[in-house]
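Residue numbers (this note's numbering): 221 to 650.
All C-beta atoms, glycine included, are put in the ideal place defined by N, C-alpha and C.
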Amino acid sequence: MSTPDDIINRIYKDYKSKIGLFCLNCLIMRTSFEELNEFVKKNNIAINETTKTKTGYIKEIVVHFHNVFKNVKSIRDKYSSPIDLMGDLLLKDDNIKNHLTEFDYIAKQELVNIFADYCADFKISVFNTSKIPEYSLDLYLTKKTPRLRTESVIVRTSAEMDLDNYENTLELIQKSSEIAMWSVFVTTPAGVYKIGFDRIVSDMENFKVWFYVVDPRHKKIYGITKGKKSKNYDQSLSENYLQKLPREPVRAPSQVIKFSKYEFKENESYNPKRFHMYEIFSEEEVGEGLKIPGEKHKYRDIFRNLIIIDKTSGISIFSYENEIKSLDYDLISGFLVAMDQFVSELGGGDNMREINYKGFFIQAGYGEKIKVALFLSKSADKILKERLAYFINEFEKKHKEQIKFFQETGNVSYFKEASVEEMAKEILDF
């Protein structure tokens with residue numbers, strides 16, 4: 221009879237040669253003990269009283285789902301392995317699934333930029349297509365080999381990967397094959413999860429698409445499927461599209477500069493059978509597997525203050541300042557007093573607005589219930605604007621009842637106690 225250690229070692233050995241897009245160790249390490257205990261209780265998982273670490277939880281959860289997989293035929297009919305079962309149930313948990321965003325990009329422009337850097341390192345010229353409405357591409361690639369090779373690129377974050385949008389994306393991939401020799405599709409581990417690994421790989425192979433997954437946790441790019449030249453390619457349509465491209469690429473090949481900071485291993489790529497939705501590390505490997513390449517918070521140096529304002533009353537319900545480079549309180553107070561002058565900028569339209577106030581840039585955004593003023597020393601770029609819109613949406617979803625309570629009572633104490641500061645730092649990257 222196999223001991224728990226025998227089971228663990230066998231599973232780790234089986235997964236050692238496989239490449240998983242979604243690191244379950246990372247997911248569990250980011251989960252609180254309270255969330256883990258709720259999960260194990262809900263799934264009737266017995267955890268030894270002496271188990272006090274998350275690596276210990278991982279081992280016991282793995283053993284539990286191995287036994288369920290082994291003993292229940294209906295489970296074996298539905299899942300290909302105990303790790304697939306474990307990953308699926310973890311990400312369906314109401315609490316744990318909130319960590320799914322850590323395997324995605326908040327701002328789509330970040331994902332576009334990362335893939336553009338990767339392409340430039342392969343001597344490919346990358347063109348921005350955002351101002352070309354036809355075909356709805358995210359990028360267009362050209363390379364002389366010595367004939368001109370062209371590729372259409374569609375990029376999707378997890379937020380864009382509901383089933384309806386995915387079906388529309390497949391139609392766009394098919395349509396854009398008229399104007400490019402090859403088609404490319406790029407998403408994230410969270411994006412793949414929402415559609416399903418087997419489904420998305422099957423579709424990419426059927427459409428003969430170059431399919432890439434960009435992992436934000438470990439800063440890796442995986443080439444999943446290898447595309448083939450389009451049979452729908454129309455040279456005249458392609459030439460017409462080429463005429464509409466900007467005169468200069470957003471990334472051009474360089475002889476001396478390496479653009480991408482992400483790891484890509486060609487010898488591991490373009491073999492879908494090597495890839496799986498989930499991966500699991502042994503206790504010895506977990507430290508290496510959980511390492512995340514360090515990166516400075518992008519907006520820390522320009523961030524000064526954040527103010528969240530109730531739209532109905534105009535009262536500030538939360539504020540946070542840069543501990544080192546905060547603004548003078550009188551300046552902030554003056555801005556709040558002058559709020560009426562900025563009504564149109566902060567809430568009178570459907571667009572994000574930027575206001576220049578006493579030498580500072582105030583990036584304003586609003587939702588249904590709140591307005592947000594982000595004080596900066598420099599103008600916000602496209603990525604920060606996307607992040608601010610995401611922050612507002614997440615704040616209103618997470619604190620819907622508390623906003624209502626404030627509007628009824630005027631009590632802001634909840635927002636001081638809630639983890640709004642951590643949420644703002646993570647999403648707004650300062």
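*May I have a chain-ordered list of the alpha helix (DSSP H) segments no shorter than 4 residues that lie completely inside the region 373-441?*
383-396, 409-415, 417-426
*With a Cβ-Cβ cutoff of 8 angstroms, do Phe-626 and Ile-537 count as a contact?*
Their beta carbons are under 8 angstroms apart, which means Phe-626 touches Ile-537 by this criterion.
*asked:* Spatial neighbours of Phe-479 within its chain, please: C-beta separation below 6 angstroms, excluding the five flanking residues on both sides.
replied: Asp-337, Ala-340, Asp-341
*Assign Glu-499 to buried or exposed, taking buried as 16 or more other Cβ atoms, counted over all protein chains shown, within 10 Å of its Cβ.*
Its Cβ being crowded by 16 or more others within 10 Å, Glu-499 is buried.
_Selection from Trp-402, Arg-471, Asn-452 that minimises the alpha carbon distance to Thr-445_ = Trp-402
*Can you check DSSP and say which residues form a bridge with Ala-593?*
Beta bridge pairing from DSSP links Ala-593 with Ile-527, Ala-584.
*Please go through the same chain and pick out, in chain order, the residues whose beta-carbon is closer than 6 angstroms to the beta-carbon of Ile-522, but skip the five residues on each side of it.*
Leu-596, Ser-597, Lys-598
*The beta strand (DSSP E) with Val-282 in it runs from where to where?*
Unbroken run through Val-282 is the alpha helix (DSSP H), 274-291; no beta strand (DSSP E).
*Whole beta strand (DSSP E) elements within the region 293-378, 3-residue minimum*: 345-348, 359-364, 368-375
*Any idea what DSSP makes of Tyr-490, helix, strand or coil?*
Reduced to three states, the DSSP call for Tyr-490 is coil.
*Under 8 angstroms, do Thr-408 and Tyr-325 count as touching if we go by C-beta distance?*
Yes. Within cutoff.
_My output table needs one value for Phe-495: the three-state DSSP class, helix, strand or coil._
strand
*For Asp-649, count neighbouring C-beta atoms within 10 Å of its own C-beta (all shown protein chains included) and say buried if the count is 16 or more, exposed if not.*
Asp-649 counts as buried, since no fewer than 16 other beta carbons sit within 10 angstroms of its beta carbon.
*In or out: Ser-474 buried (at least 16 other Cβ within 10 Å) or exposed?*
exposed
*With a CB to CB cut of under 6 angstroms and the five nearest residues on each side skipped, what residues in its chain are close to Val-260?*
Answer for Val-260: Ile-267, listed in chain order.
*Own chain residues within Cβ distance below 6 angstroms of His-286, not counting five before or after*: Ile-227, Pro-302
*In angstroms, rounded to a whole number, what distance separates the CA positions of Ile-295 and Leu-310?*
A straight line joining the alpha-carbon of Ile-295 with that of Leu-310 spans about 15 angstroms.
*By Cβ distance below 7 angstroms, which residues in the same chain neighbour Val-433 in space, the five residues on each side in sequence not counted?*
Leu-241, Thr-407, Thr-408, Pro-409, Val-412, Tyr-442, Ile-444
*When DSSP builds the beta bridges, which residues end up paired with Cys-243?*
Glu-499
*asked:* I'd like the list of long-range same chain contacts for Ile-239, defined as Cβ closer than 8 angstroms, with 5 residues on each side in sequence excluded.
replied: Within its own chain, the residues whose Cβ lies closer than 8 angstroms to the Cβ of Ile-239, once the five positions on either side in sequence are excluded, are Tyr-442, Glu-488, Arg-494, Phe-495, His-496, Glu-499, listed in chain order.
*Leaving aside the five residues before and after Glu-565 along the sequence, list all residues of the same chain whose C-beta is less than 7 angstroms from its C-beta, in chain order.*
The pLDDT assigned to Glu-565 is 49, lower than 50, so where the model puts this residue is not dependable; a value taken from the coordinates is nonetheless given after this. In chain order, Arg-573, Ile-575, Ala-584 place their CB closer than 7 angstroms to the CB of Glu-565, counting only its own chain and leaving out the 5 sequence neighbours on each side.
*Locate the alpha helix (DSSP H) running through Ile-603, then write down its first and last residues.*
602-618
_Rounded straight-line distance, which links the Cα of Pro-466 to that of Lys-645_ = 35 angstroms
*Per-residue DSSP class, three states only, for Phe-259*: Assigned with DSSP and collapsed to three states, Phe-259 falls in helix.
_Rounded straight-line distance, which links the Cα of Glu-541 to that of Ala-600_ = Cα to Cα, Ala-600 sits roughly 17 angstroms from Glu-541.
*asked:* Can you tell me whether Ala-400 is buried or exposed? The criterion is at least 16 other CB atoms within 10 Å of its CB, across all chains shown.
replied: buried
*Which residue or residues does DSSP assign as beta-bridge partners of Arg-471?*
Within the DSSP secondary-structure output, Arg-471 pairs in a beta bridge with Val-346.
*Sheet register partners of Ser-539 (DSSP bridge)*: Ile-527
*Which one of Ile-582, Lys-274, Asp-358, Ile-278 has the shortest CA to CA distance from Leu-604?*
Ile-582
*Note down, in chain order, each residue of its chain lying with its Cβ closer than 7 angstroms to the Cβ of Val-332, except the 5 sequence neighbours on either side.*
Asp-358, Leu-359, Val-375
*What three-state label does DSSP hand Asn-452 in the structure shown?*
coil
*asked:* With the cut-off set at 8 angstroms, would you say Glu-606 and Gln-329 are in Cβ contact?
replied: yes
*Would Val-288 be called buried (16 or more neighbouring beta carbons within 10 Å of its own) or exposed?*
buried
*When DSSP labels each residue in this structure, what does Thr-532 get in the three-state scheme?*
coil
*Give the range of the alpha helix (DSSP H) segment to which Asp-225 is assigned.*
224-236
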